[in-house]
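Colleague:
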Amino acid sequence: MQRLRPTAALRGALWITLIALIATGTALTVQYVQTVRLLDARVQASVDDEAAALIERYQGAGPLAVVQAVSRAVERPRVTDFIYLMTDVAGQPVAGNLASWPDEIDRTGYRTFDTQISTTRGTMAERQVAARTVLLGGDYRLLVGSLSDDRRLLHDRYVSALIWSLLATGVIGLLFGFWYSRRGLAFLDAASAAGDRFRAGHLDERLPVTRRGDEYDRLAGTLNHGFAEIERLVDTLRTATDALAHDLKTPLTRIRSRIDLAALQGEANGVAGDIRADLDALLRTIDDTLRLARAETTMASEFAPVDLAEIVREAGELFEPVAEDRGVTLTVNVVPARLDGVRSLLGQLVANLIDNAVKYSPAGGAVTVSLTEADDGIRLSVADTGPGIPADQRERVLARFVRLDTSRQAEGSGLGLSIVQVAARVHGAVLSLDDNRPGLRVTVRFNGDNTRRS
Amino acid sequence: MAYASAPWSPERNAPVVKLLMIEDDAQTADYVRRGLAELGHATDHAATGVDGLTAAIVGRYDAIILDRNLPGLDGLSVLKSLRAQGDRTPVLLLSALGQVDDRIAGLRAGGDDYLPKPFAFGELMARIEAIARRHGDADTGDGVRRTGSLTLDLLARTATRNGRRIELLNKEYQLLDYLTRHAGQVVTRTMLIEAIWDYSFDPGTNIVDVHVSRLRAKIDGAGEPPMIRTVRGAGYRLDAV
Numbered sequence: 010m011q012r013l014r015p016t017a018a019l020r021g022a023l024w025i026t027l028i029a030l031i032a033t034g035t036a037l038t039v040q041y042v043q044t045v046r047l048l049d050a051r052v053q054a055s056v057d058d059e060a061a062a063l064i065e066r067y068q069g070a071g072p073l074a075v076v077q078a079v080s081r082a083v084e085r086p087r088v089t090d091f092i093y094l095m096t097d098v099a100g101q102p103v104a105g106n107l108a109s110w111p112d113e114i115d116r117t118g119y120r121t122f123d124t125q126i127s128t129t130r131g132t133m134a135e136r137q138v139a140a141r142t143v144l145l146g147g148d149y150r151l152l153v154g155s156l157s158d159d160r161r162l163l164h165d166r167y168v169s170a171l172i173w174s175l176l177a178t179g180v181i182g183l184l185f186g187f188w189y190s191r192r193g194l195a196f197l198d199a200a201s202a203a204g205d206r207f208r209a210g211h212l213d214e215r216l217p218v219t220r221r222g223d224e225y226d227r228l229a230g231t232l233n234h235g236f237a238e239i240e241r242l243v244d245t246l247r248t249a250t251d252a253l254a255h256d257l258k259t260p261l262t263r264i265r266s267r268i269d270l271a272a273l274q275g276e277a278n279g280v281a282g283d284i285r286a287d288l289d290a291l292l293r294t295i296d297d298t299l300r301l302a303r304a305e306t307t308m309a310s311e312f313a314p315v316d317l318a319e320i321v322r323e324a325g326e327l328f329e330p331v332a333e334d335r336g337v338t339l340t341v342n343v344v345p346a347r348l349d350g351v352r353s354l355l356g357q358l359v360a361n362l363i364d365n366a367v368k369y370s371p372a373g374g375a376v377t378v379s380l381t382e383a384d385d386g387i388r389l390s391v392a393d394t395g396p397g398i399p400a401d402q403r404e405r406v407l408a409r410f411v412r413l414d415t416s417r418q419a420e421g422s423g424l425g426l427s428i429v430q431v432a433a434r435v436h437g438a439v440l441s442l443d444d445n446r447p448g449l450r451v452t453v454r455f456n457g458d459n460t461r462r463s
Numbered sequence: 003m004a005y006a007s008a009p010w011s012p013e014r015n016a017p018v019v020k021l022l023m024i025e026d027d028a029q030t031a032d033y034v035r036r037g038l039a040e041l042g043h044a045t046d047h048a049a050t051g052v053d054g055l056t057a058a059i060v061g062r063y064d065a066i067i068l069d070r071n072l073p074g075l076d077g078l079s080v081l082k083s084l085r086a087q088g089d090r091t092p093v094l095l096l097s098a099l100g101q102v103d104d105r106i107a108g109l110r111a112g113g114d115d116y117l118p119k120p121f122a123f124g125e126l127m128a129r130i131e132a133i134a135r136r137h138g139d140a141d142t143g144d145g146v147r148r149t150g151s152l153t154l155d156l157l158a159r160t161a162t163r164n165g166r167r168i169e170l171l172n173k174e175y176q177l178l179d180y181l182t183r184h185a186g187q188v189v190t191r192t193m194l195i196e197a198i199w200d201y202s203f204d205p206g207t208n209i210v211d212v213h214v215s216r217l218r219a220k221i222d223g224a225g226e227p228p229m230i231r232t233v234r235g236a237g238y239r240l241d242a243v
C-alpha cells in the first residue's frame with residue numbers, strides 16, 4: 010500500500026496556523042490602535058481644557074496671572090498631573106515644572122515626547138508627556154501637557170499580549186491543524202487501503218462511514234456503492250458461470266452417455282468415434298472458457314501460501330520427457346520462492362508456458378525455465394529457441410492473451426495463454442515478451458508485495 | 003481420439019459391484035445404469051437427495067455415485083449426512099462444476115473421488131472400481147507390495163522385478179505405486195494426473211503417455227512380459243504378471 014506522505018498533513022497544519030496567526034494579530038492590533046486613540050482623545054481633551062483655562066486667564070489678566078496660576082498648580086499635587094512650561098520672548102522658562110523647552114517641539118499643536126520632569130518631591134524623572142503648545146500674546150509660549158505613561162504601558166502590554174497570543178495560537182493551530190489534516194488524510198489512507206484490498210480480491214471490503222454525514226461520508230458512500238456494484242457483478246458472473254456449466258453439461262453428458270452406451274452395445278460405427286472426438290473438443294473449450302471465467306473472479310479468500318519453486322520444479326519434471334522426445338533440452342533453475350496464491354492457477358500458468366515453449370522449439374532447441382529473485386519480487390521466465398515473435402507483433406500477441414480471440418490456431422482449445430494472462434493478473438504479476446535471440450522469452454514479474462521470501 | 007471399439011467389455015472378469023446412483027437427470031441416470039448393466043454391475047437409482055440418502059442408509063452398496071446438484075437436499079448435504087451417520091461407503095461425486103474449489107469441497111465433505119460432467123464411461127468405471135477396491139483391501143502391512151513379478155518396498159521406495167533392481171525417479175516411483183495399488187483395474191490418464199501431479203487440469207496432450215512409456219521401458223526387462231497395458235480409449239492397466 011502506498012502511504013500518503015505526512016508532509017501533506019504538516020502543510021495543511023501550517024496553513025491553518027498561519028491563518029489563525031494573521032487573524033489573532035489583526036484583532037489585537039485593531040484593539041490596540043482603538044484603545045490608543047481613545048486614550049489620546051481623553052488626554053487631549055483634558056489638556057485642551059486646562060490650556061483653554063490658562064488662555065482665558067491670560068486674555069483676562071495678562072501673563073503674570075498665568076505665571077501665578079501655573080506656579081500654584083505645580084506646587085500643589087493634583088489628581089491630574091499637568092505639565093506646564095511658559096517661556097518668555099527670549100525663550101527662557103518663566104514658570105512650570107519642565108526644566109527646559111523640549112527640542113522635539115518647535116511648532117504649535119499637539120505632541121507626544123519623553124522628557125525630564127521635576128516631581129513634587131523635587132527630583133527629576135523621565136516621563137512620557139502628551140502636550141499642546143499655545144502661543145500667547147507678547148511672544149509668550151505656553152506648553153500644557155499631561156503625563157501619558159498609560160500609552161507606553163499599553164504599548165508594552167500590546168507587544169507582550171501579541172507575542173503570547175501568537176505563541177498560543179501557533180501551538181494550538183499547529184496541533185489542531187495537524188489533527189484536522191490527519192483526519193482528511195486518514196480518510197484517504199483508509200480509502201486507498203480499502204481499494205487495494207478490494208482489488209486484491211476482498212470483494213466485501215467497504216470504507217467506514219461515520220454518522221457525521223460530511224463530505225468524507227458522502228465520498229465513502231459513493232465508493233462503497235461502486236464496490237458493492239462490482240461485488241454484485243462478480244457474484245452474478247460466478248453464478249452465471251456455474252449455471253452455464255450445469256446447463257451446458259447436462260445435455261452433453263446425455264449425448265456422451267448415449268454414444269458410450271451404443272459403443273458398449275456394439276451398435277456404434279465409425280461415426281460415433283468422430284462425434285465423440287468433436288464432443289471432446291467442444292467439452293475442452295467449454296471447460297477452458299469456464300475455467301477462465303472462474304479464474305477471472307478469483308477471490309482473495311482462495312489465496313493460500315504456495316511454494317512456487319516446487320510448482321516450477323514439478324512442471325519441469327512433468328514436461329521433461331515430452332521435451333526429450335522432441336529433442337528439446339529442458340533446463341529448470343529455481344530459487345526458493347513462496348507467495349500467496351492459488352496453486353492450481355499458478356500450476357496452469359507454469360505448465361502452459363512450458364508446454365508452449367516446448368511446442369514451438371525445433372529439435373535440438375532448448376527451453377530454459379528460471380525462477381529468480383529480483384529487487385522488486387520473484388521473476389519467472391520461460392525462454393525457448395523457437396521462431397520467436399517479431400518485436401512489432403508482441404504487443405498484439407499480449408493483447409490477444411487477454412481477449413478470447415477465435416482466430417488463434419493451436420492445439421487444444423487455444424485458451425492456454427489467456428489462462429496464463431488471467432492467472433498472472435490475479436496474482437498481481439505482469440507478463441512481458443522479449444527476444445531470446447533467437448526465440449521467445451516470456452517473463453512473469455510477481456509483485457514484491459505478494460511474495461514472501463522463505 | 004479414435005473410438006472404434008468399446009473400452010470395456012462384459013467378458014472382462016471385473017468384480018460385480020452393487021451401485022447406487024443419486025442423479026436428478028433421469029436420462030443421464032438411465033444411460034449410466036444401462037451402461038453399467040452391460041458391464042454386469044447392478045445399479046439402483048434415486049432421483050432426489052432425500053430418496054438417495056434413505057436408499058444409501060437402508061441398502062448396502064459397494065459404491066455410491068452422487069450428483070452434487072440435486073433438487074432439495076443437495077449432493078454435499080447428502081454426503082455429509084451419510085458420513086455423520088458413520089457410513090463409510092465410497093462415494094464418487096459427479097458435478098457439472100469441474101472447478102478446483104468444488105472438487106476440494108467435495109473431497110472435504112467425505113467424498114472419495116470427484117468426476118466432472120460430462121464423463122466417459124471408461125472414466126466413471128475406472129474411478130468406481132478404484133474407490134470400491136480401495137474400500138476393501140489394504141497393503142499387507144510388512145511394507146512390501148508384491149504384484150506378480152514386481153516387488154515394491156514401500157518404505158525404501160524402491161522397486162525390483164524378478165530380483166532386478168529398477169532405478170526410478172521420484173515421480174516414476176509414485177506412478178508405479180499408484181498403478182500397483184490399482185493392479186488389474188483400469189486407471190485413466192486424468193486419474194494419474196490428479197494423483198501423481200496433483201493437477202486438476204489437463205496439462206497438455208500425451209504427457210501421461212510419455213511418462214508411462216518411460217516407466218514401461220524401465221520395468222520391462224528383456225524377455226519379461228509387459229506389465230502396463232494401454233486400455234484403448236480409457237487409460238492403463240497394470241497386470242500382475
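Just so you know, the protein sequences line up as chains A and B, in that order.
Going by our numbering, the first sequence opens with residue 10, and the numbers climb by one from there.
Going by our numbering, the second sequence opens with residue 3, and the numbers climb by one from there.
Just so it is clear, CB atoms sit at the ideal spot from N, CA and C, and this is done for glycine as well.
No experiment lies behind these values; they were computed from the predicted model shown.
#1: What are the residues that DSSP puts in a beta bridge with B:H47?
#2: How long is the line joining the alpha carbons of B:K119 and B:T30, rounded to whole angstroms?
#3: So with Cβ pairs under 8 Å, would you call A:H255 a contact of chain B?
#4: Using the Cα positions of B:H43 and B:E131, report the straight-line distance between them to the nearest angstrom.
#5: Count the other CB atoms within 10 Å of the CB of A:N342; is the residue buried (16 or more) or exposed (fewer)?
#6: Along the region 329-349 of chain A, what residues have a CB closer than 8 Å to any CB found in chain B?
#7: Quick one: what's A:V58 bridged to in DSSP?
#8: By how many angstroms is the C-alpha of B:D155 removed from the C-alpha of A:E240?
#9: Quick one: Cα of B:T244 to Cα of B:G77, how far?
#10: Run through the DSSP bridge pairs and tell me what B:N208 is partnered with.
#11: What's the C-alpha gap between A:A249 and A:T306?
#12: Does DSSP classify B:E169 as helix, strand or coil?
#13: To the nearest angstrom, how far is it from the Cα of A:L317 to the Cα of B:A57?
#14: To be precise: take each residue of the region 305-329 of chain A, compare its Cβ to all Cβ atoms of chain B, and keep it if any distance is under 8 Å. Which residues remain?
#15: DSSP on A:S266, reduced to helix/strand/coil?
#16: Roughly how far, in whole angstroms, is the beta-carbon of A:V431 from the beta-carbon of A:L301, given that I think they are within contact range, below 8 Å?
#17: Report yes or no: do the region 89-97 of chain B and the region 68-75 of chain B share at least 3 C-beta pairs separated by less than 8 Å?
#18: For the region 200-225 of chain B, which residues have a beta carbon sitting closer than 7 Å to at least one beta carbon of chain A?
#19: Mind pulling the chain B residues with CB within less than 7 Å of A:A302?
#20: Does DSSP classify A:R412 as helix, strand or coil?
#21: Which parts of the region 30-111 of chain B are runs of the alpha helix (DSSP H), unbroken and 4 residues or longer, counting only runs that do not cross its ends?
#22: Can you give the Cα-Cα distance for A:L536 and A:G425, rounded to whole angstroms?
#23: List, in chain order, every chain A residue whose beta-carbon is nearer than 7 Å to that of B:P120.
#24: Please check if any C-beta of chain B sits within less than 8 Å of the C-beta of A:A360.
#25: Mind reading off the beta-carbon distance from A:T33 to A:S174? Whole number of angstroms is fine, and I expect it under 8 Å.
#26: Report the CB separation of A:T26 from A:G193 in whole angstroms; it is logged as a contact under 8 Å.
#27: Based on DSSP bridge pairs, tell me the residues matched to A:F122.
#28: List, in chain order, every chain A residue whose beta-carbon is nearer than 7 Å to that of B:E33.
#29: Using a Cβ cut-off of 8 Å (strictly closer), state whether B:R129 contacts chain A.
#30: Please determine, among B:A128, B:V18, B:A242, the residue with the shortest C-alpha to C-alpha distance to B:R148.
#31: Output yes if chain B places a C-beta closer than 8 Å to the C-beta of A:Q357; else output no.
#32: Is A:L212 helix, strand or coil when you go by DSSP?
#33: Using 10 angstroms around the beta-carbon of A:I28, count the other beta-carbons present and answer buried if the total reaches 16, otherwise exposed.
#34: At the 8 Å Cβ level, is B:L181 part of the contact set with chain A, yes or no?
#35: Evaluate B:E25 with the Cβ neighbour count: other Cβ atoms within 10 Å of its Cβ, from every protein chain shown; 16 or more gives buried, anything less gives exposed.
#36: Helix, strand or coil for A:L449 per DSSP?
Modeller: Taking the coordinates as given:
#1: As a first step, residue 47 of chain B is located in the second sequence; it is residue number 45 there, counting from the start. Answer is B:M23.
#2: Here residue 119 of chain B refers to the residue found at position 117 of the second sequence. Here residue 30 of chain B refers to the residue found at position 28 of the second sequence. Answer to the nearest angstrom: the Cα atoms are 11 Å apart.
#3: In the first sequence, residue 255 of chain A corresponds to position 246, counting from 1. With 8 Å as the cut-off, A:H255 counts as an interface residue toward chain B.
#4: Residue mapping note: residue 43 of chain B aligns to position 41 of the second sequence, counting from 1. Residue mapping note: residue 131 of chain B aligns to position 129 of the second sequence, counting from 1. Answer to the nearest angstrom: the Cα atoms are 11 Å apart.
#5: The sequence position of residue 342 of chain A within the first sequence is 333, counting from 1. So A:N342 counts as exposed.
#6: The residues in question are P330, V331, D334.
#7: Here residue 58 of chain A refers to the residue found at position 49 of the first sequence. It is Asp, not Val, that sits at residue 58 of chain A in the sequence shown. Note: A:D58 sits in no beta bridge, so no partner.
#8: Indexing the first sequence from 1 puts residue 240 of chain A at position 231. Indexing the second sequence from 1 puts residue 155 of chain B at position 153. Going from the Cα of A:E240 to the Cα of B:D155 covers about 53 Å.
#9: A query on residue 244 of chain B cannot be resolved here, the shown segment of chain B reaching from 3 to 243 and no further.
#10: Numbered from 1 along the second sequence, position 206 holds the residue referred to as residue 208 of chain B. Bridge partners of B:N208: none, in fact.
#11: The count along the first sequence starts at 1 and reaches residue 249 of chain A at position 240. The count along the first sequence starts at 1 and reaches residue 306 of chain A at position 297. Each residue's Cα considered, the two are about 12 Å apart.
#12: Here residue 169 of chain B refers to the residue found at position 167 of the second sequence. Note: B:E169 maps to coil in three-state DSSP.
#13: Within the first sequence, residue 317 of chain A is the residue found at index 308, counting from 1. Within the second sequence, residue 57 of chain B is the residue found at index 55, counting from 1. When rounded, the distance between both Cα atoms is 45 Å.
#14: E311, E323, A324, E326, L327, F328
#15: Within the first sequence, residue 266 of chain A is the residue found at index 257, counting from 1. Correct three-state label for A:S266: helix.
#16: The residue given as residue 431 of chain A occupies position 422 in the first sequence. The residue given as residue 301 of chain A occupies position 292 in the first sequence. About 6 Å; that satisfies the 8 Å criterion.
#17: yes
#18: Y201, S202, F203, P205, G206, T207, I209, V212, H213, R216
#19: On the first sequence, residue 302 of chain A is found 293 positions in, with the first residue counted as 1. Within chain B, no residue comes near A:A302; the closest Cβ sits about 10 Å away, beyond 7 Å.
#20: Position 403 of the first sequence, counted from the first residue, corresponds to residue 412 of chain A. Because A:R412 sits at a pLDDT of 42, beneath the cut-off of 50, its placement in the model cannot be relied upon, and the following sentence gives the value as read from the coordinates. Coil, per DSSP.
#21: 51-60, 77-86, 102-110
#22: Residue 536 of chain A lies beyond the residue range present for chain A, which begins at 10 and ends at 463; the question has no answer from this structure.
#23: The residue you call residue 120 of chain B lines up with position 118 of the second sequence. Within chain A, the residues near B:P120 are K258, L261, T262, R265, L292.
#24: One-based indexing of the first sequence puts residue 360 of chain A at position 351. For A:A360, the answer is yes, since a Cβ of chain B falls inside 8 Å of its Cβ.
#25: Within the first sequence, residue 33 of chain A is the residue found at index 24, counting from 1. Within the first sequence, residue 174 of chain A is the residue found at index 165, counting from 1. The Cβ separation is near 5 Å, so the contact holds.
#26: Within the first sequence, residue 26 of chain A is the residue found at index 17, counting from 1. Within the first sequence, residue 193 of chain A is the residue found at index 184, counting from 1. No, A:T26 and A:G193 are not in contact; Cβ-Cβ is about 16 Å, not under 8 Å.
#27: Position 113 of the first sequence, counted from the first residue, corresponds to residue 122 of chain A. According to DSSP, which records beta bridges pairwise, A:F122 is partnered with A:V138.
#28: Working through the second sequence from its first residue, we reach residue 33 of chain B at position 31. First, the residue type needs correcting, since residue 33 of chain B is Tyr and not Glu in the sequence shown. Within 7 Å Cβ-Cβ: R263, S266, R267, L270.
#29: Walking along the second sequence from the start, residue 129 of chain B turns up at place 127. Output row for B:R129: interface = no.
#30: As a first step, residue 148 of chain B must be located in the second sequence, where it is residue number 146. For B:R148, the nearest C-alpha among the options comes from B:A242.
#31: For the purposes of this step, residue 357 of chain A is taken as residue 348 along the first sequence, with counting starting at 1. Interface residue, yes.
#32: As a position in the first sequence, residue 212 of chain A is number 203, starting the count at 1. The answer is coil: DSSP assigns A:L212 none of H, G, I, E or B.
#33: In the first sequence, residue 28 of chain A corresponds to position 19, counting from 1. Looking at its Cβ environment, which holds fewer than 16 other Cβ atoms inside 10 Å, A:I28 is exposed.
#34: Reading the second sequence from its first residue, position 179 is the one you call residue 181 of chain B. Taking Cβ atoms only, chain A never reaches closer than 8 Å to B:L181, which makes this a no.
#35: In the second sequence, the residue the question calls residue 25 of chain B occupies position 23. Buried is the call here.
#36: For this step, residue 449 of chain A is matched to residue 440 along the first sequence. Strand, per DSSP.
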